[in-house]
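For the sequence shown, position 4 (counting from the first letter as 1) is numbered 143 according to the numbering used here, and the numbering increases by one without interruption.
Reviewing the structure listed below.
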Amino acid sequence: MTPQFGPDGSLRHMLSLKGFNRQQLTSLLDHAETYLVGHAHYAPRQPRLLGRTVALLFFEPSTRTRISFHLAALRLSADVVTVDGDTSSQRKGETVLDTVRTLEAMHTDVFIVRVAEAGVPDMLTEHIGTGKSIINAGEAHHSHPTQGLLDVLTIRQCKPDLGNLCVAIVGDVRHSRVARSTAEALQILGVGELRLVGPEPLLPAAAEFAHAERYTELDAGICDADVVMTLRIQRERMRDPAALPSDAAYFERFGLTAERLRAARPDAIVMHPGPVNREVELASAVADGPRSVIARQVTNGVAVRMAVLARIAESLSGTP
Ligand code: NCD
């Protein structure tokens, strides 16, 4: 595997949050903050990626991640091209690597990739030319590093004292790359307490999240939590989705309603990476209510992706 960081500590690729230490993560979050001007604006367009080409290769559905990477690249003045799994030559049997090589022949500098198969972003780093970058925009159920970053940025903005926070991640943690990357980021930043809450079949193996407490009842799992992050049930990643309870039965037991949210701290925030399945994991009254920071997560997503792209720009080869 090609290292994410160059010998001088510069960011070459964004594959996972695993290799980051607290100082590197904090510095990236601080960098992202510089692109946020209050709640209503992003900082003006900057020339950081002028003359560079950024390709978005999304072989799984995406709205927030794809558009926010696209906007982030445009706001840094890159040229942006998009490859969509449904309309690309992947449908004719072309491999992801061949698609990347095709775009590389058109002098693309940065490849932002979302794939259902684990290991593809790492594999691509071994085949692309030096001075080109791979960014993981969602890899199987394994990792989604920029989502982890935008989640901890949102938490840090709302509740800066992370060491004293209790964060509960509720729902289909087992199949969630978001939960894995956000938990990684929280651990690096020294979160006080992390809980995983859901029915047993949707919780990961205990060894995988060794630092987290597991709860199979919602009320106990979110009791006195400062942050409640809800997740979608990701049926597309399950071998036997029919074995799951119905949406109505799940909502009854684990759906976050205004009433059940009373178990958390009175100032608890509610998060969700999107897309939300209303009245399955989250009641509309909570998703749209005063404790929800879901829109703020989305806003932060552009800033975080600008920071990642700007850092990576320093490692790109040649003059644009
Ligand atoms: C998630 C994903 O694709 O992992 N969405 C996102 O990127 N914001 C979560 C999901 O699909 O449920």
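Quick reminder that beta carbons are idealized off the backbone N, C-alpha and C, glycines included.
Notebook entry, point to check: Under 7 Å from any heavy atom of the ligand NCD, does the C-beta of Gln286 make it?
Noted result: yes
Margin query: Just to confirm the assignment, what range does the beta strand (DSSP E) spanning Ile408 have?
Written below: Ile408 to Met410
Item checked: Residue interval of the alpha helix (DSSP H) (run including Val317) -> Arg316 to Ile327
Next item on the list: Excluding the 5 residues preceding and the 5 following Asp251 in the sequence, name in chain order all residues of the same chain whose CB lies nearer than 6 Å to its CB.
Entry: Checking the sequence, you will find Ile at residue 251 rather than Asp. Answer for Ile251: Leu195, Phe208, Ile274 and Ala276, listed in chain order.
Next item on the list: With DSSP as the reference, label His246 as helix, strand or coil.
Entry: coil
Notebook entry, point to check: Starting from Asp225 and walking both ways along the alpha helix (DSSP H), at which residues does that stretch end?
Noted result: Run containing Asp225: none; DSSP gives neither H nor E here.
Check: What did DSSP end up calling Phe144 once you bin it into helix, strand or coil?
Finding: Secondary structure of Phe144 (DSSP, three-state): strand.
Check: Looking at Glu420 and Leu370, is the spacing between their C-beta atoms short of 8 Å?
Finding: The Cβ atoms of Leu370 and Glu420 lie closer than 8 Å to each other.
Check: Taking the C-alpha atoms as reference points, what is the distance between Ala424 and Val366?
Finding: 17 Å
Next item on the list: Inspect the CB distances between the segment 279 to 296 and the segment 390 to 406 and report whether three or more fall short of 8 Å.
Entry: no
Next item on the list: Give the C-beta separation of Arg184 and Arg214 to the nearest angstrom, bearing in mind that I take them to be a contact with Cβ-Cβ under 8 Å.
Entry: Yes, they are in contact, since the Cβ atoms of Arg184 and Arg214 sit about 5 Å apart, within 8 Å.
Notebook entry, point to check: Under three-state DSSP, which class holds His209?
Noted result: helix
Next item on the list: Check whether the Cβ atoms of Phe198 and Ala255 lie closer than 8 Å to each other.
Entry: yes
Checklist line | For Glu418, the nearest candidate out of Val432, Ile372, Pro200 and Gln436 (CA to CA) | finding: It is Ile372.
Note to self: Less than 7 Å separating the Cβ of His178 from some heavy atom of the ligand NCD?
What the structure shows: no
Next item on the list: Taking Thr369 as part of the beta strand (DSSP E), name the residues at either end of that continuous run.
Entry: Element bounds for Thr369: Val366 to Thr369.
Check: In whole angstroms, what separates the C-alpha of Asp223 from that of Leu448?
Finding: 20 Å
Checklist line | Bridge-paired residues (DSSP) for Ser431 | finding: DSSP output for Ser431 lists Val409 as bridge partner(s).
Notebook entry, point to check: Would the beta-carbon of Ala182 fall within 8 Å of that of Val441?
Noted result: no
Next item on the list: Would you mind sorting Met368 into buried or exposed? The rule is 16 or more other CB atoms within 10 Å of its CB.
Entry: By the neighbour-count rule (16 or more Cβ atoms within 10 Å), Met368 is buried.
Margin query: Given 7 Å as the limit, tell me if Ser201 has its C-beta closer than that to any heavy atom belonging to the ligand NCD.
Written below: yes
Notebook entry, point to check: Does the Cβ of Gly360 have 16 or more other Cβ atoms within 10 Å, making it buried, or fewer, making it exposed?
Noted result: buried
Item checked: Thr221 beta carbon near the ligand HEM (any heavy atom closer than 7 Å) -> Within the structure as shown, the ligand HEM is missing, the only ligands being the ligand NCD.
Next item on the list: Taking only heavy atoms of the ligand NCD into account, decide whether any of them is closer than 7 Å to the Cβ of Thr226.
Entry: no
Notebook entry, point to check: In angstroms, rounded to a whole number, what distance separates the CA positions of Cys362 and His180?
Noted result: Each residue's Cα considered, the two are about 35 Å apart.
Notebook entry, point to check: Is the beta carbon of Arg334 less than 8 Å from the beta carbon of Glu352?
Noted result: In this structure, Glu352 lies closer than 8 Å to Arg334 by Cβ.
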